[in-house]
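The structure appears right after this line, and notes come after that.
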Amino acid sequence: STLTGVIRGLSTFVQLIEKDASSHKNYIPCVNIIDRPRFPWRGLLLDVSRHWMSVNVVERTLNAMELGKLNVLHLHLSDDQGFRVESIEHNLLHDRKDFFTQKDIRYLVELAKQRRIRIVPEFDIPGHTTSWFIGYPELATEPRPHQIETKWGVMKPTMDPTKDSTYEFLDSFFLSL
1 STLTGVIRGL
11 STFVQLIEKD
21 ASSHKNYIPC
31 VNIIDRPRFP
41 WRGLLLDVSR
51 HWMSVNVVER
61 TLNAMELGKL
71 NVLHLHLSDD
81 QGFRVESIEH
91 NLLHDRKDFF
101 TQKDIRYLVE
111 LAKQRRIRIV
121 PEFDIPGHTT
131 SWFIGYPELA
141 TEPRPHQIET
151 KWGVMKPTMD
161 PTKDSTYEFL
171 DSFFLSL
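This is the structure we're talking about:
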């Protein structure tokens, strides 16, 4: 009864198409289907922070999610190993070549919207923030030069929650997205 329902129904319909082995013709078997989601949140997490994935990979993932009737893409955009989204105002956050531009993000959000998929961006704070400290070491509890982590685990330092400047930076960052 909704456009989302029609899209999900078409996904089911496409998956029913079979090919006859002898005639090589496509057909749809006669079936009775009751198809509704069991859970309201049917999501997938992509950790692009620790393992970079291009726009093309995320696009293919969204297409597959549509066929699987998943409706939430959780994008893990920052961690100790990488910061993967462009910040115009805080341009030292993405010091590597592997990040999504603002245009990329707008494209992916629109693509997801067309497929009735919500994108939930995640920025780890106050921990797992070594990538933030490359360009902004003053945010850290240990303000010194930092490097991108290449190993896994719990890293020190974290963002310094005792400084007003940390909150001012975060406010500015999130409002700029």
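Using full-length UniProt numbering, the letters of the sequence shown correspond one by one to residues 1 to 177.
The beta-carbon is built from N, C-alpha and C at its ideal position, and this holds for glycine as well.
Notebook entry, point to check: For the candidate residues Gly-82, Ile-17, Ala-21, whose alpha-carbon lies nearest to that of Ser-49?
Noted result: Taking the first residue of the sequence shown as 1, we reach residue 49 at position 49. Ser-49 has its Cα closest to that of Gly-82, out of Gly-82, Ile-17, Ala-21.
Notebook entry, point to check: Just reading off the beta strand (DSSP E) that Asp-80 is part of, what are its end residues?
Noted result: Your numbering for residue 80 matches position 80 in the sequence shown. Asp-80 -> no beta strand (DSSP E), and no H or E assigned at all.
Next item on the list: Hey, could you find the ends of the beta strand (DSSP E) Glu-122 is sitting in?
Entry: Position 122 of the sequence shown, counted from the first residue, corresponds to residue 122. Element bounds for Glu-122: 118-123.
Notebook entry, point to check: Roughly how many whole angstroms lie between the Cα atoms of Lys-156 and Arg-106?
Noted result: As a position in the sequence shown, residue 156 is number 156, starting the count at 1. As a position in the sequence shown, residue 106 is number 106, starting the count at 1. The straight-line gap separating the alpha-carbon atoms of Lys-156 and Arg-106 is approximately 33 Å.
Next item on the list: Please confirm whether Val-85 and Leu-177 have their CB atoms less than 9 Å apart.
Entry: The count along the sequence shown starts at 1 and reaches residue 85 at position 85. The count along the sequence shown starts at 1 and reaches residue 177 at position 177. Val-85 places its beta carbon less than 9 Å from that of Leu-177.
Note to self: Whole angstroms are fine: how far does the CA of Leu-46 sit from the CA of Val-55?
What the structure shows: Taking the sequence shown and counting its residues from 1, one reaches residue 55 at position 55. Taking the sequence shown and counting its residues from 1, one reaches residue 46 at position 46. If I take the Cα positions, the gap works out to 12 Å.
Next item on the list: Report the option in Leu-139, Leu-67, Gly-43 whose CA atom is closest to the CA atom of Leu-92.
Entry: Translated into positions along the sequence shown, residue 92 becomes position 92. The shortest Cα separation from Leu-92 among Leu-139, Leu-67, Gly-43 belongs to Leu-139.
Item checked: Buried/exposed call for His-24, threshold 16 Cβ in 10 Å -> Within the sequence shown, numbered from 1, the residue matching residue 24 stands at position 24. Exposed is the call here.
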